[in-house]
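Enquirer: This is the structure I want to talk about, given as structure tokens.
Protein chains: 2
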Amino acid sequence: MKQSFGPKTLLYPHPVLLVGTYDGTGRPDVMTAAWGGICSSQPPSVAVSIQRHRMTYANILATGAFTVSIPSAGQVAEADFFGIVSGKDADKFAATGFTPVRGDHVNAPFVGECPLVLECRCTGTLDIGVHTQFVGEILDVKIETSVLDADGKPDIEKIRPFAYDSFRREYVSMGSFLAPAFSAGRAFLPRKEER
Amino acid sequence: MKQSFGPKTLLYPHPVLLVGTYDGTGRPDVMTAAWGGICSSQPPSVAVSIQRHRMTYANILATGAFTVSIPSAGQVAEADFFGIVSGKDADKFAATGFTPVRGDHVNAPFVGECPLVLECRCTGTLDIGVHTQFVGEILDVKIETSVLDADGKPDIEKIRPFAYDSFRREYVSMGSFLAPAFSAGRAFLPRKEER
């Protein structure tokens, strides 16, 4: 039996996206967003929703660029801080000791300490209620070599990304391998002789 | 040191969203989407990106509605199946034994067996490359009472949602509580006497 909870921004898992930008004078800022994710395969694109009073909102409009850094479980306090304070009130990089690194492809800084970063060129915006969604074409993905496995592929157990639980307002770690995609579901395909 | 991987649709975690729709004749379908997530707090809204050749694409345009069902770890094979085959070729509900349940608020079916479902009224579309993003206002969230804790709140360890790793094409389980949000980061606030 299901119980109704009414209109809520609830699903699992929400990502924890650290959105890096410069303002018009080149000052770096970073904020935490949980409303976002990949929005197209080609061109590879990511969407992040930002409220209009945020410094990040003005910064993306000024530069046309942003980065998305994915934090590791050991960086959860820094990631939370980036969502608590405004760049108008604090230099968030200085406060945490994290390093703003200028992107190679876009005029935006990523978090040098994060294991995985996306460099994005803003290709569009969409106002959705109190948020504006920024769509970014992903020009490059950069991964810390220490989180690659022996085959040179990113290892989620080394990256240790985490998720946000919006109902309980908690961060939740990732677990481990569950099943292969585009494979586990083949059990439900009709048997060949029945086709 | 970071290594460039070029333009890729990579971040962690991607959600696994089962998008339920009716076609113009009332036939239920469901497909799996990983490109999506919450996109506005008010009105509470979720975005899912769907390719234009998908049955779901035509169905949402026909009905103006969709649901999002969040599967549990024990439903990973069914969730994968919903992404492997097209509703044009199979009755995916019949093949898995899952139950299409008509929404209370919208003309779309959700997966009766899933622990959490969103009923959504489509409020807009945005073409982003090969995908079209459908924005849905969340009219109701329904949660299976068996996954609520003693306080009546959804318990992520009972829901057992999982994520999609797009690099390895694998599903990954969720772990456990990591840190409180809007709290863990307060360690980086300036001490009061320094303000």
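Protein chains in written order, with our numbering: chain A, 1 to 195; chain B, 1001 to 1195.
Glycine included, C-beta positions come from ideal geometry on N, C-alpha and C.
Under 8 angstroms by Cβ, that's how I've got A/GLY36 and A/PRO15 pegged, so tell me the actual separation to the nearest angstrom.
Expert: Translated into the one-based positions of the first sequence, residue 36 of chain A becomes position 36. Translated into the one-based positions of the first sequence, residue 15 of chain A becomes position 15. Between A/PRO15 and A/GLY36 the Cβ distance is about 7 angstroms, and since that is below 8 angstroms, they are a contact.
Enquirer: Taking the CB atoms as reference points, tell me whether A/PRO71 and A/CYS114 lie closer together than 8 angstroms.
Expert: In the first sequence, the residue the question calls residue 71 of chain A occupies position 71. In the first sequence, the residue the question calls residue 114 of chain A occupies position 114. Taking 8 angstroms as the cut-off, the beta carbon of A/PRO71 is found closer than this to the beta carbon of A/CYS114.
Enquirer: Report, in whole angstroms, the separation of the C-beta atoms of B/THR1067 and B/LEU1118, which I expect to be a contact under 8 angstroms.
Expert: For this step, residue 1067 of chain B is matched to residue 67 along the second sequence. For this step, residue 1118 of chain B is matched to residue 118 along the second sequence. Contact flag correct, Cβ pair sits at about 6 angstroms.
Enquirer: For A/LEU126, collect the residues of the same chain with a Cβ closer than 6 angstroms to its Cβ; drop the 5 residues on either side in sequence, then sort them by chain order.
Expert: What you label residue 126 of chain A is simply residue 126 of the first sequence in a count that begins at 1. Taken in chain order, the residues that qualify are GLN133.
Enquirer: Let me see if you follow: with CB-CB separation under 8 angstroms, is A/GLY36 close to chain B or not?
Expert: As a position in the first sequence, residue 36 of chain A is number 36, starting the count at 1. For A/GLY36, the answer is yes, since a Cβ of chain B falls inside 8 angstroms of its Cβ.
Enquirer: Which residues in chain B have a C-beta closer than 8 angstroms to the C-beta of A/HIS14? List them in chain order.
Expert: What you label residue 14 of chain A is simply residue 14 of the first sequence in a count that begins at 1. Contacts between A/HIS14 and chain B, judged by CB atoms closer than 8 angstroms, involve PRO1015, GLY1037, ILE1038 in chain order.
Enquirer: Is A/VAL117 helix, strand or coil when you go by DSSP?
Expert: One-based indexing of the first sequence puts residue 117 of chain A at position 117. Correct three-state label for A/VAL117: strand.
Enquirer: Over what stretch of residues does the beta strand (DSSP E) that includes B/LEU1018 continue unbroken?
Expert: Taking the second sequence and counting its residues from 1, one reaches residue 1018 of chain B at position 18. That run of the beta strand (DSSP E) goes 1017-1022.
Enquirer: For B/HIS1053, would you say it is in contact with chain A, using Cβ-to-Cβ distances shorter than 8 angstroms as the test?
Expert: The residue given as residue 1053 of chain B occupies position 53 in the second sequence. Not closer than 8 angstroms to any Cβ of chain A, the Cβ of B/HIS1053 fails to qualify, so no.
Enquirer: When DSSP labels each residue in this structure, what does A/MET31 get in the three-state scheme?
Expert: For the purposes of this step, residue 31 of chain A is identified with residue 31 of the first sequence, where counting begins at 1. Looking at A/MET31 - three-state DSSP - the assignment turns out to be strand.
Enquirer: Under a CB-based cut-off of 8 angstroms, is B/ALA1179 close to chain A?
Expert: To locate residue 1179 of chain B, count along the second sequence from 1; it is residue 179. For B/ALA1179, a Cβ of chain A is located within less than 8 angstroms of the residue's own Cβ.
Enquirer: Report, in whole angstroms, the separation of the C-beta atoms of A/ILE138 and A/SER45, which I expect to be a contact under 8 angstroms.
Expert: Indexing the first sequence from 1 puts residue 138 of chain A at position 138. Indexing the first sequence from 1 puts residue 45 of chain A at position 45. So it is a contact: roughly 6 angstroms between Cβ atoms.
Enquirer: Name, in chain order, the residues that DSSP records as bridge partners for A/VAL172.
Expert: On the first sequence, residue 172 of chain A is found 172 positions in, with the first residue counted as 1. BP columns for A/VAL172 point to A/ALA163, B/PHE1177.
Enquirer: Is A/ARG102 near the ligand NAP, going by C-beta to nearest heavy atom under 7 angstroms?
Expert: In the structure shown, the ligand NAP is absent, as is every other ligand, since no ligand is present at all.
Enquirer: Taking the beta carbon of B/SER1049 as the centre, do at least 16 other beta carbons fall within 10 Å, making it buried, or is it exposed?
Expert: Walking along the second sequence from the start, residue 1049 of chain B turns up at place 49. Buried, since its Cβ has 16 or more Cβ neighbours within 10 Å.
Enquirer: In the structure shown, what three-state DSSP assignment does A/GLY37 receive?
Expert: For the purposes of this step, residue 37 of chain A is taken as the residue at position 37 of the first sequence. In the structure shown, A/GLY37 sits in a strand (DSSP, three-state: E or B).
Enquirer: Tell me the DSSP secondary structure of B/GLN1133 in three-state form.
Expert: Within the second sequence, numbered from 1, the residue matching residue 1133 of chain B stands at position 133. In this structure, B/GLN1133 counts as strand in the three-state DSSP scheme.
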